[in-house]
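Residue numbers (my numbering): 1497 to 1995. Every residue, glycine too, gets a C-beta built ideally from N, C-alpha and C. Owing to the predicted nature of the structure, the values given are computational and were not obtained by experimental measurement.
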């Protein structure tokens, strides 16, 4: 993003250089930070406030061409010509004016989506401890208690259970020497799903939201419609296809929006609501991108436009401006006022349209480079294949400013065949060994896996002990990072690895 600099001179010989952004740049910055749902509201609000901006009749900007801008439209030609190298400060934090501007993952490492069981609840109580403490509130047998504890330890980062009941039954037999049936596991799971926070232990996002909606006990027509949307229109809801939902349930947009407001205030990650003293509600994550591998080894990269309308400058306004053009006739005072007013509205409409197009191109350029740099992950979905990647790596390839990449990566999500991820998930920093060598996250994960695979299964290692062993091997990794990486590798905590 190009920026203009101005210099001012104060008393004495002091000169101050200020960075000035144009109105177009300021507008783009605001639009870049918006999700697809927020952008939809912004566009509709702009149409309402500026009569020179109109919605295309029967058109929608979510067409194939607009979802997939061409290389020429995105300003991309030959990668060798397009991606020139630039010099950047080694310290990425130097790219930001204040600490408040620095992205969270640059302050303390990248954060995985829905980080589990480290959120405080009532002091230092973890999610696992919070859930285990609720077992005593139910009349359960010793066997049910063991099954419940194992189910709690098997939850994914978002608080959902994605293992099949028969797999849980087999693991209990192997690891806990507890013979059980699939039906007994299902019965324990039904008990777990009554625990707080609501939605915990569900086997899918759809089931989790249904449990939460039921727990609210709402009996209004809007709540009944929300329930029907979850049951019979979940795919359209998850992809923000409002027009399809309105047609499917034969309701107007106002009625639909009231029902959707109920759903978007449910929590898609019940594990993350622990410790929230308020309602604990967050918005449903609507992916901004869809990335799918194709048969020819390439990737289909699509930008989610939701129900974003196609817009244009009013032809009537353009014709009136042409009629009142100062170059065509001598204008009276009142006519000059009309001309100035209408020109301001047309200019604002055109600037908004340009900013929307620039936002789309910026997002697509950024996502394309992320996919290029993290190609092994997008091919296989294996998180251990993520390579070290920083803001400046993407900035250099896109020829965009690092602050622009930061704004995009901090607020956008991508849907892949392996799950939905925030873009900041793909930014990984290198580790530096005691010998000064740069190490990738993959190397650390590989070493951690070896340590756990070779441990004494009668005395499995705690995360703190693993961290010490990694440090001895030249990998200076914190205990919290060990916990995160262990969960990525799908290893349970030490007590559940004991044989």
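Would you call the stretch 1896-1909 and the stretch 1862-1869 in contact, with 3 or more CB pairs under 8 Å?
yes
Note down the Cα distance separating residue 1726 from residue 1840, rounded to an integer number of angstroms.
45 Å
Count the CB pairs spanning the stretch 1673-1682 and the stretch 1635-1647 that are closer than 8 Å, and state whether there are at least three.
yes
How many angstroms separate the CA atom of residue 1670 from the CA atom of residue 1803?
50 Å
Can you tell me whether residue 1782 is helix, strand or coil according to DSSP?
When DSSP states are grouped into helix, strand and coil, residue 1782 belongs to the coil group.
Excluding the 5 residues flanking residue 1741 on each side, which residues of the same chain have their C-beta closer than 7 Å to its C-beta?
1725, 1729, 1732, 1733, 1752
Taking only the alpha-carbon atoms, compute the straight-line gap between residue 1890 and residue 1919 and give it to the nearest angstrom.
12 Å
Per-residue burial, residue 1704 [other beta carbons within 10 Å of its own, 16 or more giving buried]:
buried
Under the rule that 16 or more other beta-carbon atoms within 10 Å means buried, what is residue 1662, buried or exposed?
exposed
Residue 1666 in three-state terms, based on DSSP
helix
Cβ-based neighbour list, residue 1987, same chain, cut-off 6 Å, excluding 5 preceding and 5 following:
1948
Going by DSSP, which residues form a beta bridge with residue 1865?
BP columns for residue 1865 are empty, so no partner.
Going straight from the alpha carbon of residue 1685 to that of residue 1762, what length do you get?
21 Å
If you drop the 5 nearest sequence neighbours on each side, which residues of the same chain put their C-beta closer than 6 Å to that of residue 1873?
1881, 1882
For residue 1790, which of helix, strand or coil comes out of DSSP?
coil
Grab the span of the alpha helix (DSSP H) containing residue 1872 for me, first residue to last.
Membership of residue 1872 in the alpha helix (DSSP H) is indicated by the continuous run 1871-1876.
DSSP-derived helix/strand/coil call for residue 1907
helix
Spatial distance of residue 1909 from residue 1922 (CA atoms):
11 Å
According to the neighbour-count rule (16 or more other Cβ atoms, all chains shown, within 10 Å of its Cβ), is residue 1981 buried or exposed?
buried
May I ask which residues mark the beginning and end of the alpha helix (DSSP H) holding residue 1993?
1990-1993
Quick check: the Cα distance between residue 1713 and residue 1720, rounded to an integer number of angstroms?
Each residue's CA atom was taken as its position, placing residue 1713 and residue 1720 some 10 Å apart.
Within 10 angstroms of the Cβ of residue 1892, are there 16 or more other Cβ atoms? Answer buried if so, exposed if not.
buried
Checking 8 Å against the spacing of the C-beta atoms, do residue 1985 and residue 1957 come in under that value?
no
Which listed residue (1940, 1675, 1989) has its alpha carbon closest to that of residue 1967
1940
Answer with buried or exposed for residue 1856, where buried requires no fewer than 16 other C-beta atoms within 10 angstroms of its C-beta.
buried
Taking C-alpha atoms, which residue in 1970, 1975, 1950 lies nearest to residue 1959?
1975
Among 1808, 1836, 1756, 1628, which has the Cα closest to the Cα of residue 1491?
With the chain covering only 1497 through 1995, there is no way to say anything about residue 1491.
Taking the Cβ atom as the reference point for each residue, do residue 1842 and residue 1820 lie within a distance shorter than 8 Å?
no
CB-CB under 6 Å to residue 1640, same chain, minus the five flanking residues each way: which ones, in chain order?
Same-chain partners within the cutoff: 1684.
Quick one: what's residue 1551 bridged to in DSSP?
1807
If you draw a straight line from the alpha carbon of residue 1888 to that of residue 1898, how long is it in whole angstroms?
Counting only the Cα atoms, residue 1898 lies some 6 Å from residue 1888.
Residues near residue 1913 in its chain [Cβ-Cβ closer than 7 Å; skip 5 each side]
1788, 1877
DSSP state of residue 1729, grouped into three classes?
coil
Note down the Cα distance separating residue 1543 from residue 1805, rounded to an integer number of angstroms.
Taking the Cα positions, residue 1543 is about 10 Å away from residue 1805.
Along the beta strand (DSSP E) that carries residue 1917, what are the first and last residues, could you check?
1915-1918
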